[in-house]
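S.K.: This is the structure I have questions about; it appears just below.
In the working numbering, the protein residues as written are 2 to 830.
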């Protein structure tokens, strides 16, 4: 290496201690140039090697820019190999490209160049920060007029130096991306939208970038990150889920809450092994004058077990509007202490009272009577601000509901959601619930899933809902769904007979009952009688019949669908219909296109139906042809969902041609995103080109229909619509990404659960996470790099296309399958 080359590298990376970079060029057994050691400031990298095996290097200069240029020009034989290795504190990562060609060499060069450019930008940012903070102390530096990214970077390096930890370039890059994304979201979104910091997701993604097969969290790194964010006020929600938090982390959380009490609105520490000692430490290190008011506090998944846990809470220093304690192994003593906390004056204040409590999946089998007594006490004596009461799968007899409703008066007047799935419904509990349904002016959703309900109990509950005269001002949905269609043998007859009883008193029916959910109830056994009796409830606007058409022979569901179409003509207000199937054919819980043909014929006429979901049924391309005819003739349908229906490019073509040629259609959502993604991967170039052209024509039509509805002042999702129907705007964004060659972005609200009900925009019923719906933006870059490029830049050795596909599957995901990190706008560190 010449002196000129060393000078070049010194200019790029000033000699100020740090790591060692080594360039080596080998030709067969002859070494063209000796290893040269150059001190520089590459963050986290201690050694980098570039080896050309069995090839000649054109020119021997190791000038960086010249080396990259010459590598790109190489024309190598099949047995040639390019090897690139990075050595970091986490180990050595080696990349080989076997049977290389010019394209492979170019990808390697691009990966290296991108890495060096990012490191150079880090150095430039360091210089800018140093200029701004020349005469300031460490703490004063972070309070200077810096950007949020600069504040984090400065604090992160400072704390790394104190803890004697190496600076992680991958972490810096990912954190700065996250910070800028949330800063942009804060500017663009309304004030009530959360900007969420999910630390475990960030760390998992960084592990993938480093090529680590096993995700291991270093507690020191967690502490450093939390401390580094103290001066960065862009996150309103801190999710520290699944991290083994210790006392150091709790101290950092306490400092965060003390200094950013006006910013942080939500705190989640789920599955973090939180104990009583952690809570004591938290309140000990809160500032003496701090009053923390959280919209939500998530502590689910921690083995609490001790009453002292809640007794350690200082109610005057911390209040929460929503409290999540599912799966916490609570005992009767814990519940007693919890009720005292929830009934404390600060937690029942008029301006910040508790509105939701979730105690799901805490088994109280040995002390049900005592626990029910405590819960009844809370319902009877709370201040009346409670909006959601969730006790799913606690194995409790619900007798206490009757006493609570009889003795509360107006204390439950704001209650909107009651979720008591998986408990034991008694006749007294049903009586209390029926009374609540009849009297309430706020109740929206009652979940009775996975409960063994007899005919009398079903009648009692339905009578209460039907007696409510609230109408459109008070839409009620009752959920009688089951997790398994074989759970209760007598369920179909119980439901059918109950509806027959109610049909005889149809003149007494009110207008508040707007939706019924009967998923997995094996209704195929009594479906003709069931659907005929259901027509007596004229107020219904939503009906869910998922997984009810079990048949051991082909065409076995035709009779039920024929009965359904006849019943739809007698239900003038029904606007949403859901008939999902199970994609697994072995379970025999899916309909074929022949079964659904009567429904498609019915849709050819303008009906009241606006949304229909048929996911998981075997519609195939033949069914798409029938559905296309209905689309062309129907002007009322706005959304059709057909995910996982065994559709190929031919079926999509049928649907798109119908949309593009119809002058009547008002569809906003049609194309199944996951299916489209699969077609893009498996179809031939000719087939995909044809589909792409049709999609390009259809997108403006779908968008125009969305805009048309907005101008009329009608929201996309009606207040009665509790199911997570597909989001039309998100779908158009997805399809636009697909056409541009970009990966799909996850919509957690849609993909999270099969039934994710949300009765009001500010009430989180199903998922504890206060998920906002961030504004979707197109990345400014030309899309993600090729698969091989991603593999090299991610530090994972890839040699075949199969390995590349495996790499995609290894990307970090949440429980809902989120892969959003790759799709975000490129942010320079």
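Backbone N, C-alpha and C fix where the C-beta goes; we use that ideal spot for every residue, glycine too.
If we ignore side chains and look at the alpha-carbon of each, how far apart do residue 310 and residue 298 end up?
M.R.: Counting from one through the chain shown, the residue named residue 310 turns up at place 309. Counting from one through the chain shown, the residue named residue 298 turns up at place 297. About 14 Å.
S.K.: Based on Cα-Cα distance, which residue from 520, 480, 471, 465 lies nearest to residue 503?
M.R.: Along the chain shown, one-based indexing puts residue 503 at 502. For residue 503, the nearest C-alpha among the options comes from 465.
S.K.: Note the first and the last residue of the continuous alpha helix (DSSP H) segment covering residue 225.
M.R.: Position 224 of the chain shown holds residue 225. 220 to 229 is the extent of the alpha helix (DSSP H) around residue 225.
S.K.: Since residue 198 is in the alpha helix (DSSP H), which residue starts that stretch and which ends it?
M.R.: As a working note, residue 198 is residue 197 in the chain shown. Here residue 198 belongs to no alpha helix (DSSP H); instead the beta strand (DSSP E) covers 197 to 199.
S.K.: Just to confirm my understanding: we take residue 619, look at its own chain, exclude 5 residues before and 5 after, and list those with CB closer than 8 Å. What are they?
M.R.: In the chain shown, counting from the first residue as 1, residue 619 sits at position 618. Answer for residue 619: 582, 586, 591, 592, 593, 594, 646, 647, listed in chain order.
S.K.: Skipping 5 residues on each side, what residues in its chain have a beta carbon closer than 6 Å to that of residue 406?
M.R.: Stepping through the chain shown from its first residue, residue 406 is reached at position 405. Excluding five sequence positions before and after residue 406, the CB atoms of its chain that fall closer than 6 Å to its own CB belong to 433, 436, 437, given in chain order.
S.K.: Output needed for residue 611: all residues of its chain with C-beta closer than 8 Å, excluding positions within five of it in sequence on either side, in chain order.
M.R.: Counting from 1 along the chain shown, the entry for residue 611 is found at position 610. Closer than 8 Å at the Cβ level, and outside the excluded window around residue 611, lie 576, 577, 637, 638, 639, 640.
S.K.: Checking the sheet assignment: what are the DSSP bridge partners for residue 533?
M.R.: To locate residue 533, count along the chain shown from 1; it is residue 532. According to DSSP, which records beta bridges pairwise, residue 533 is partnered with nothing at all.
S.K.: Of all the beta strand (DSSP E) runs that stay within the bounds of the stretch 384 to 471, which reach a length of 3 or more residues?
M.R.: Correct list: 389 to 391, 418 to 420, 446 to 448.
S.K.: Go through its chain and collect everything with a Cβ distance to residue 362's Cβ below 8 Å, but skip five positions before and after it.
M.R.: Taking the first residue of the chain shown as 1, we reach residue 362 at position 361. Closer than 8 Å at Cβ, skipping near neighbours: 327, 328, 393, 394, 395.
S.K.: Relative to the alpha-carbon of residue 247, which residue among 223, 289, 235 has its alpha-carbon at the smallest distance?
M.R.: Taking the first residue of the chain shown as 1, we reach residue 247 at position 246. Nearest option by C-alpha distance: 223.
S.K.: With 16 other CB atoms within 10 Å as the buried threshold, where does residue 505 fall?
M.R.: The residue you call residue 505 lines up with position 504 of the chain shown. So residue 505 ends up on the exposed side.
S.K.: Hey, how far is the Cα of residue 334 from the Cα of residue 313?
M.R.: Here residue 334 refers to the residue found at position 333 of the chain shown. Here residue 313 refers to the residue found at position 312 of the chain shown. If I take the Cα positions, the gap works out to 14 Å.
S.K.: Note down the Cα distance separating residue 657 from residue 266, rounded to an integer number of angstroms.
M.R.: Sequence index remark: in the chain shown, residue 657 carries index 656 (1-based). Sequence index remark: in the chain shown, residue 266 carries index 265 (1-based). Approximately 44 Å, taken between the alpha carbons.
S.K.: Can you give me the C-alpha to C-alpha distance between residue 890 and residue 319, rounded to a whole angstrom?
M.R.: Because the chain in this structure spans residues 2 to 830, residue 890 falls outside the shown range and cannot be described.
S.K.: Residues bridged to residue 267 by DSSP?
M.R.: As a first step, residue 267 must be located in the chain shown, where it is residue number 266. According to DSSP, residue 267 bridges with 238, 297.
S.K.: Which of helix, strand or coil does DSSP assign to residue 212?
M.R.: What you label residue 212 is simply residue 211 of the chain shown in a count that begins at 1. Residue 212 falls in the coil class under three-state DSSP.
S.K.: What does the alpha-carbon distance come out to for the pair residue 459 and residue 548?
M.R.: Reading the chain shown from its first residue, position 458 is the one you call residue 459. Reading the chain shown from its first residue, position 547 is the one you call residue 548. Their backbone Cα atoms lie some 20 Å apart in a straight line.
S.K.: With distance defined between alpha-carbon atoms, name the residue in 544, 671, 615, 650 nearest to residue 686.
M.R.: Residue mapping note: residue 686 aligns to position 685 of the chain shown, counting from 1. The residue with the shortest Cα to Cα distance from residue 686 is 650.
S.K.: What does DSSP give as the partner residues of residue 319 in its beta bridges?
M.R.: Looking up residue 319 in the chain shown gives position 318. BP columns for residue 319 point to 293.
S.K.: Identify, in the order they occur along the chain, each residue of the same chain with its Cβ nearer than 7 Å to the Cβ of residue 350, setting aside the five sequence neighbours on each side.
M.R.: One-based indexing of the chain shown puts residue 350 at position 349. Hits under 7 Å: none found.
S.K.: For residue 579, which beta-bridge partners are listed by DSSP?
M.R.: Here the question's residue 579 lines up with position 578 in the chain shown. Residue 579 is bridged to 545, 614.
S.K.: For residue 361, which beta-bridge partners are listed by DSSP?
M.R.: As a first step, residue 361 must be located in the chain shown, where it is residue number 360. Note: residue 361 sits in no beta bridge, so no partner.
S.K.: Could you check if residue 664 is buried or exposed, using at least 16 other CB atoms within 10 Å of its CB as the buried criterion?
M.R.: The residue given as residue 664 occupies position 663 in the chain shown. The residue is exposed, with fewer than 16 neighbouring Cβ atoms inside 10 Å.
S.K.: How long is the line joining the alpha carbons of residue 689 and residue 644, rounded to whole angstroms?
M.R.: What you label residue 689 is simply residue 688 of the chain shown in a count that begins at 1. What you label residue 644 is simply residue 643 of the chain shown in a count that begins at 1. Cα to Cα, the separation comes out at about 18 Å.
S.K.: Three-state secondary structure (DSSP) at residue 518?
M.R.: What you label residue 518 is simply residue 517 of the chain shown in a count that begins at 1. Strand.
S.K.: Just confirm the distance between the C-beta atoms of residue 522 and residue 481, as a whole number of angstroms; I'd bet it's less than 8 Å.
M.R.: Here residue 522 refers to the residue found at position 521 of the chain shown. Here residue 481 refers to the residue found at position 480 of the chain shown. Yes, they are in contact, since the Cβ atoms of residue 522 and residue 481 sit about 7 Å apart, within 8 Å.
S.K.: Does the distance between the C-beta of residue 575 and the nearest non-hydrogen atom of the ligand SAM fall short of 7 Å?
M.R.: By its list of ligands, the structure shown contains no ligand whatsoever, and the ligand SAM lies outside what it can speak to.
S.K.: Based on DSSP bridge pairs, tell me the residues matched to residue 619.
M.R.: Taking the first residue of the chain shown as 1, we reach residue 619 at position 618. Bridge partners of residue 619 according to DSSP: 593.
S.K.: Please work out which residues of its chain come closer than 6 Å, Cβ to Cβ, to residue 535, disregarding the five sequence neighbours upstream and downstream, and give them in chain order.
M.R.: Residue mapping note: residue 535 aligns to position 534 of the chain shown, counting from 1. Answer for residue 535: 500, listed in chain order.
S.K.: Take residue 238 as the anchor and find which of 708, 194, 213, 279 has the nearest alpha-carbon.
M.R.: Here the question's residue 238 lines up with position 237 in the chain shown. Checking every option, the nearest Cα to that of residue 238 belongs to 194.
S.K.: Comparing alpha-carbon positions, which option in 367, 175, 449 lies nearest residue 484?
M.R.: Working through the chain shown from its first residue, we reach residue 484 at position 483. Answer by Cα proximity: 449.
S.K.: According to the neighbour-count rule (16 or more other Cβ atoms, all chains shown, within 10 Å of its Cβ), is residue 216 buried or exposed?
M.R.: By 1-based counting over the chain shown, the position of residue 216 is 215. Per the 10 Å Cβ criterion, exposed.
S.K.: Based on DSSP bridge pairs, tell me the residues matched to residue 562.
M.R.: Locating residue 562 in the chain shown gives position 561, counting from the first residue. DSSP output for residue 562 lists no bridge partner at all.
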